[in-house]
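Trainee:
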Amino acid sequence: MADRKTEIKSAYKSLGKAHSFYDGMMTCSTLIGRFVTKLVWNMDREDALEYQARAFEMIPADFNGKLLEVPVGTGVLSMPIWKTLPNADITCLDYSENMMASASQRADEMGIKNISFLQGDVGNLPFEDNTFDAVVSLNGFHAFPDKEAAFRETYRVLKPGGIFTGCFYVEGSNTHTDKMINRFYIKSGFFTKPFDTITSLEQRLKKLYHDVTVSNVESIAIFQCRKG
Numbered sequence: 012m013a014d015r016k017t018e019i020k021s022a023y024k025s026l027g028k029a030h031s032f033y034d035g036m037m038t039c040s041t042l043i044g045r046f047v048t049k050l051v052w053n054m055d056r057e058d059a060l061e062y063q064a065r066a067f068e069m070i071p072a073d074f075n076g077k078l079l080e081v082p083v084g085t086g087v088l089s090m091p092i093w094k095t096l097p098n099a100d101i102t103c104l105d106y107s108e109n110m111m112a113s114a115s116q117r118a119d120e121m122g123i124k125n126i127s128f129l130q131g132d133v134g135n136l137p138f139e140d141n142t143f144d145a146v147v148s149l150n151g152f153h154a155f156p157d158k159e160a161a162f163r164e165t166y167r168v169l170k171p172g173g174i175f176t177g178c179f180y181v182e183g184s185n186t187h188t189d190k191m192i193n194r195f196y197i198k199s200g201f202f203t204k205p206f207d208t209i210t211s212l213e214q215r216l217k218k219l220y221h222d223v224t225v226s227n228v229e230s231i232a233i234f235q236c237r238k239g
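Laid out in C-alpha cells, this is it:
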C-alpha cells in the first residue's frame, strides 16, 4: 500500500507542476482539455459543467459550518465555489504537496481567507470524530489506494446530519472510457483499482448514509447524502 501511495503521489506531483494542462482538462477551457475530455470521457464542456454543478449543489449558498475538501487537487473546480462561502470554515487536504500548493496559490489570488491547507492521507484523517458539517470529494475516490479506509474516514469525521457529496469515476457506464482508464490512467498511476459501479456505489452509501442520491454523467458518478 505504501508503494502505491508513492506512485500516486509521483503521478500527481507531475500534474501539480503542469497544472495549467490539468486545469484546462478539468474545466474544458483549453483546446487540448476539450480534446482529452471528449476522447477519454465522451463529454463536452456542458457535460463537464453539469457533473461539477451536481457535485456542489447540496452545499447551501449560506453555508457557514466546517467543511472538508479531500482531495483538493489544484482547486480549479472548488475555489470559485468556496469564494462564495465567506462564513464557512474550510479545510483542504491532499496527499500531493504540489497539487495542494497550486490550490493554495489559487486561493490567495482569489482572496479567500477562510481556508486552510493540510497535507495528509484520506485513509487516516488527522481530525476528531464528528468534526465537519460537510465533506466534499471531487474526483478522488478513483485514485485512493485504500478506498475502504477512505469511505470509513470521511464518514467518521462527518457530524451526524452532515453532508457528504462529490464525484468520481465508476466503471461500467462507458466501455470506451473503461478501456482508456485501464490502458493509460492506471498504468500512469492516476487511478487505482478496484472501482465502484453506479450500483455498487449506491449500495455502499446506503449502508452508511441517509437521503442518498447517485447519478452520473457518462462515467462520472455524482453522489449526495447525509449522515444519520
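Position in the sequence shown counted from 1, then plus 11, gives you the working numbering.
All C-beta atoms, glycine included, are put in the ideal place defined by N, C-alpha and C.
#1: Along the chain, where does the beta strand (DSSP E) containing Val228 start, and where does it finish?
#2: List the whole-angstrom C-beta distance separating Gly134 from Ala160, where the pair is believed to meet the contact cut-off of C-beta under 8 Å.
#3: Does DSSP put Lys24 in a helix, in a strand, or in coil?
#4: I want to know whether the stretch 163-177 touches the stretch 94-110 - three or more CB-CB distances under 8 Å.
#5: Straight-line CA distance for Gly112 to Ser89?
#6: Let me check understanding here. Comparing Cα to Cα, which of Cys236, Ser226, Lys238 and Gly239 lies closest to Glu61?
#7: If you check the beta carbons only, do Val168 and Asp207 fall under 8 Å apart?
#8: Under 8 Å, do Leu136 and Thr102 count as touching if we go by C-beta distance?
#9: Specify whether the stretch 31-50 and the stretch 75-93 touch according to this definition: at least 3 beta carbon pairs, one from each stretch, less than 8 Å apart.
#10: Please report the straight-line C-alpha distance between Thr224 and Ile70, rounded to a whole angstrom.
#11: Measuring CB to CB, does Val83 end up less than 8 Å from Ala64?
#12: Compute the distance between the beta-carbons of Glu80 and Val147, then report whether it is under 8 Å.
#13: Based on Cα-Cα distance, which residue from Pro91, Asp140, Glu139 and Asp144 lies nearest to Ala118?
#14: Note down, in chain order, each residue of its chain lying with its Cβ closer than 7 Å to the Cβ of Lys158, except the 5 sequence neighbours on either side.
#15: Please report how far the alpha carbon of Lys170 lies from the alpha carbon of Arg215, in whole angstroms.
#16: Where does Asp144 sit, in a helix, a strand or coil, going by DSSP?
#17: Closest to Glu139 by C-alpha separation, out of Leu149, Lys77, Glu120 and Asp189, would be which residue?
#18: Below 8 Å on the Cβ atoms is my contact criterion, and I expect Thr188 with Ala66 to pass it. Report the Cβ-Cβ distance as a whole number of Å.
#19: Work out the CA separation of Ile126 and Leu50 for me, nearest whole Å.
#20: What does the Cβ neighbour count give for Ile192, buried or exposed, with the cut at 16 atoms within 10 Å?
#21: Note down the Cα distance separating Thr203 from Ile197, rounded to an integer number of angstroms.
Mentor: Based on what the coordinates show:
#1: Tyr220 to Val228
#2: 4 Å
#3: Note that Lys24 scores a pLDDT of 47, beneath 50, so its modelled location is shaky and nothing firm can be said.
#4: no
#5: Note that residue 112 is Ala in the sequence shown, not Gly. Those two C-alpha atoms are separated by around 14 Å.
#6: Ser226
#7: no
#8: no
#9: yes
#10: 14 Å
#11: no
#12: yes
#13: Pro91
#14: Phe152
#15: 19 Å
#16: strand
#17: Lys77
#18: That belief does not hold up - the Cβ atoms of Thr188 and Ala66 are roughly 18 Å apart, past 8 Å.
#19: 35 Å
#20: buried
#21: 6 Å
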